[in-house]
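Below is one structure, written out as structure tokens; the observations come after it.
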Amino acid sequence: MVASNLTVETCIAFCSTGNFIFSGVEFGEECYCDSTIQIPGSKTPTTDCNMACAGDADEICGASGRLSIFASGAPSPTLVPAPTTGWAYQGCLTDSTANRTLPVPINVPIGVTAETCTAACQAAGAFTHAGLEDGRECWCGNTPNPIAQHVSDDDCRAVCSANHAEYCGNANRVAVYAFSANGTAPPPQTCAGDIDNFTMLATFNNPPIGGPSQVTIRAVLVELVPNTFWTILSVRVALSWPRGRP
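Mind the numbering: the sequence shown is residues 7 to 252 in this note's numbering, read in order.
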């Protein structure tokens, strides 16, 4: 926020409406909010902040390239190590739209946190991995994409929009959690490479007149958005069957 009448108090009030932990004033008339001190920000001598606030000449509002920062006193955010029973933090991994670390996006209406995302992934399909990204995204899968790289936890410092006491990954960085019954990470899952052919069949409770008692079910793979797939089961039926046709 930029205001020609900025004071320390108006900046703090503005940031408080968004439940941010920190408010910062800069260059006399600029106000910034966050719930974490972003890297590589670092402390400098107090005398570096020497510009009067535009709305009150008796107050200091940072300087050029310098922020006067005020804290609400709320706890600083953390990467939650074990959000719910059985889930454990695995690290901060790279991600991209072309090669998703975890393939399935999940909508969490109540807001994304470590607790809500892991619960949503478990409920959506018993997924063993959940990932938080960019402060508001939840992704699920059963094993991370092998091309994803582990990076420093400092890369996953975007505050969860639904809970400023937690970190939720970052842009192109996903904080990954894994589930197992004993609370440790499960082993990597692989697909079996040699499975006999099989046919899925649907059996009618009330077969159509003159028709078969079973019909073949076909699996159709559909990509509605890039890198996100759904399997749809398709079957062709009729209320009655023409005579003479199997």
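The beta carbon of each residue, even a glycine, is placed where N, CA and C say it ideally should be.
Smallest Cα separation from ASP64: which of VAL14, ILE116 and CYS144?
Sequence index remark: in the sequence shown, residue 64 carries index 58 (1-based). When only C-alpha atoms are compared, the closest one is VAL14.
Please list the terminal residues of the continuous beta strand (DSSP E) segment that includes SER74.
Position 68 of the sequence shown, counted from the start, is the residue given in the question as residue 74. Looking at the DSSP string, the run of the beta strand (DSSP E) that includes SER74 is 73-77.
Taking all protein chains shown into account, decide if SER48 is buried (16 or more other Cβ within 10 angstroms of its Cβ) or exposed.
Reading the sequence shown from its first residue, position 42 is the one you call residue 48. Under this definition SER48 is an exposed residue.
Using CA coordinates, which residue listed in ALA88, SER102 and SER167 is at the minimum distance from PRO115?
Here residue 115 is taken as the residue at index 109 of the sequence shown, counted from 1. When only C-alpha atoms are compared, the closest one is SER167.
By alpha-carbon positions, which one of ALA171, GLY175 and ARG179 ends up nearest to PHE26?
Translated into the one-based positions of the sequence shown, residue 26 becomes position 20. The option with the nearest alpha carbon to PHE26 is ALA171.
Could you give the residue range of the beta strand (DSSP E) that holds SER29?
For the purposes of this step, residue 29 is identified with residue 23 of the sequence shown, where counting begins at 1. Unbroken beta strand (DSSP E) run through SER29: 28-32.
GLU139 vs VAL182 beta-carbon contact at 7 Å
Taking the sequence shown and counting its residues from 1, one reaches residue 139 at position 133. Taking the sequence shown and counting its residues from 1, one reaches residue 182 at position 176. Against a cut-off of 7 Å, the Cβ pair of VAL182 and GLU139 comes out as no contact.
Cβ contact check for the segment 153-165 and the segment 99-118: 3 or more pairs under 8 Å
yes
Reference SER70; option with closest CA among ASP159, CYS59 and GLY79:
Walking along the sequence shown from the start, residue 70 turns up at place 64. Per the Cα distances, CYS59.
Taking DSSP as the reference, what is the three-state secondary structure of GLN128?
Numbered from 1 along the sequence shown, position 122 holds the residue referred to as residue 128. Three-state result, GLN128: helix.
Between the alpha carbons of PRO120 and PRO89, how many angstroms are there, rounded?
Taking the sequence shown and counting its residues from 1, the one referred to as residue 120 is at position 114. Taking the sequence shown and counting its residues from 1, the one referred to as residue 89 is at position 83. The residue asked about is misnamed: residue 120 is Ala in this sequence, not Pro. Each residue's Cα considered, the two are about 6 Å apart.
Given a cut-off of 7 Å, decide if GLY34 and CYS55 are closer than it, judged by their beta-carbon atoms.
In the sequence shown, residue 55 corresponds to position 49, counting from 1. In the sequence shown, residue 34 corresponds to position 28, counting from 1. Contact: no.
Same chain, Cβ closer than 6 Å to LEU73, neighbours up to 5 away in sequence not counted:
Locating residue 73 in the sequence shown gives position 67, where the first residue counts as 1. GLY30 and GLU32, listed in sequence order.
Count the other CB atoms within 10 Å of the CB of ASP160; is the residue buried (16 or more) or exposed (fewer)?
Residue mapping note: residue 160 aligns to position 154 of the sequence shown, counting from 1. The residue is exposed, with fewer than 16 neighbouring Cβ atoms inside 10 Å.
CB-CB length for GLY61 against LEU99, believed under 8 Å
By one-based count along the sequence shown, residue 61 stands at place 55. By one-based count along the sequence shown, residue 99 stands at place 93. 45 Å between Cβ atoms; not a contact.
Backbone CA spacing between MET7 and GLY131 [nearest angstrom]
The residue you call residue 7 lines up with position 1 of the sequence shown. The residue you call residue 131 lines up with position 125 of the sequence shown. Going by the C-alpha atoms only, they are around 43 Å apart.
Nearest to GLU143 by CA position, among CYS162, CYS123 and THR23, is which residue?
Counted from its first residue, the sequence shown places residue 143 at position 137. Out of CYS162, CYS123 and THR23, CYS123 has the C-alpha closest to the C-alpha of GLU143.
heavy atom of the ligand MG below 6 Å from PRO51 C-beta:
The ligand MG is not among the ligands present in this structure, which contains no ligands whatsoever.
Which runs of the beta strand (DSSP E) fall wholly inside the segment 90-145 and span at least 3 residues, in chain order?
93-100, 110-112 and 135-139
DSSP three-state label for VAL165, please.
Along the sequence shown, read from residue 1 onward, the residue named residue 165 stands at position 159. Residue state, collapsed to three classes: strand.
Find the nearest neighbour of GLY175 within the set GLY24, ALA9, THR91 and VAL86, judged by alpha-carbon distance.
Walking along the sequence shown from the start, residue 175 turns up at place 169. It is VAL86 whose Cα lies nearest to the Cα of GLY175.
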